[in-house]
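Quick note: to get my numbering, add 41 to the position in the sequence shown (first position is 1).
Positions of the beta carbon are idealized from the N, C-alpha and C atoms, including for glycine.
Predicted model only: the values in this text are computed from it and were never measured.
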Amino acid sequence: MEDCLFCKIAAGEIPSKKIYEDDLVYVFEDIAPTAPIHYLLIPKTHIKSAAEVAAENSALVGHIFEVIAKLAKDLKLDDGFRVVTNCGDSAGQTVKHLHFHLLAGREFGWPAG
Ligand code: 5GP
Ligand code: ZN
């Protein structure tokens with residue numbers, strides 16, 4: 042296995058607060074939340090970042106967005122929510138395993154950063 046924090050979280054080797062799981066995706070609470078709801082959605086397979094999305098794995102990314110829509114419905118995020126993926130160092134990607142931040146519960150400024 043990759044020596045990767047999020048691979049270990051998805052495999053249950055490092056504890057996390059699970060929100061949702063299926064065969065392909067694992068969702069858990071961010072350890073340092075920046076909004077009342079701050080979840081991370083990760084593929085269970087190791088993909089380094091959005092820069093590595095290609096024909097072989099893009100269906101998985103589509104599935105992650107289906108899960109985002111389902112969670113938003115279940116959590117009644119009718120006022121809106123934000124989905125963020127940081128890709129690469131200058132964008133602030135600190136964990137090199139593709140992840141999508143799902144943020145909600147407050148107002149968000151734009152443009153970010
Ligand atoms: P990035 O900065 O790469 O876009 O996002 C990484 C996110 O992972 C950060 O928001 C950070 O708080 C979160 N994070 C880092 N280590 C852990 C951990 O061990 N457990 C959990 N639940 N979140 C983590
Ligand atoms: Zn990984």
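Roughly how many whole angstroms lie between the Cα atoms of residue i and residue j?
i: VAL94; j: LYS117; result: 29 Å
i: PHE69; j: HIS79; result: 9 Å
i: LYS89; j: HIS138; result: 4 Å
i: THR75; j: LEU144; result: 8 Å
i: ILE83; j: ALA91; result: 12 Å
i: ASP130; j: VAL136; result: 10 Å
i: ALA96; j: ALA73; result: 33 Å
i: ALA132; j: ASP115; result: 30 Å
i: PHE106; j: PHE122; result: 13 Å
i: GLY53; j: PHE149; result: 32 Å
i: ASN127; j: GLY146; result: 20 Å
i: HIS104; j: ASP119; result: 21 Å
i: PHE141; j: VAL102; result: 10 Å
i: LEU81; j: GLU43; result: 19 Å
i: ILE55; j: TYR61; result: 16 Å
i: HIS87; j: TRP151; result: 30 Å
For residue i, report the span of its beta strand (DSSP E) as first-last.
i: LYS89; result: That residue, LYS89, is in no beta strand (DSSP E); it is neither H nor E in DSSP.
i: ALA81; result: This sequence places Leu at residue 81; Ala is not what is there. It spans 78 to 84 - the beta strand (DSSP E) in which LEU81 sits, taken as one unbroken run.
i: LYS59; result: 59 to 62
i: GLU54; result: Run containing GLU54: none; DSSP gives neither H nor E here.
i: GLU43; result: Here GLU43 belongs to no beta strand (DSSP E), and DSSP marks it neither H nor E.
i: GLU70; result: 66 to 70
Check for me: the alpha helix (DSSP H) holding residue i runs from which residue to which?
i: LEU46; result: 46 to 51
Can you tell me the Cβ-Cβ gap for residue i and residue j, rounded? I've got them flagged as a contact below 8 Å.
i: LYS85; j: LEU65; result: 6 Å
i: SER124; j: ILE109; result: What sits at residue 124 in the sequence shown is Val, not Ser. Indeed they touch by this definition, with Cβ atoms about 6 Å apart.
Between residue i and chain D, is the shortest Cβ-Cβ distance under 8 Å, so that the two count as touching?
i: ILE55; result: Of the protein chains in this structure there is only one, and it is not chain D.
Below 6 Å from a heavy atom of the ligand MG - residues by beta-carbon: This structure simply doesn't include the ligand MG; it includes the ligand 5GP and the ligand ZN instead.
Counting only runs that start and end within the stretch 102 to 151, where is the beta strand (DSSP E) found for 3 or more residues in a row? 123 to 125 and 141 to 145
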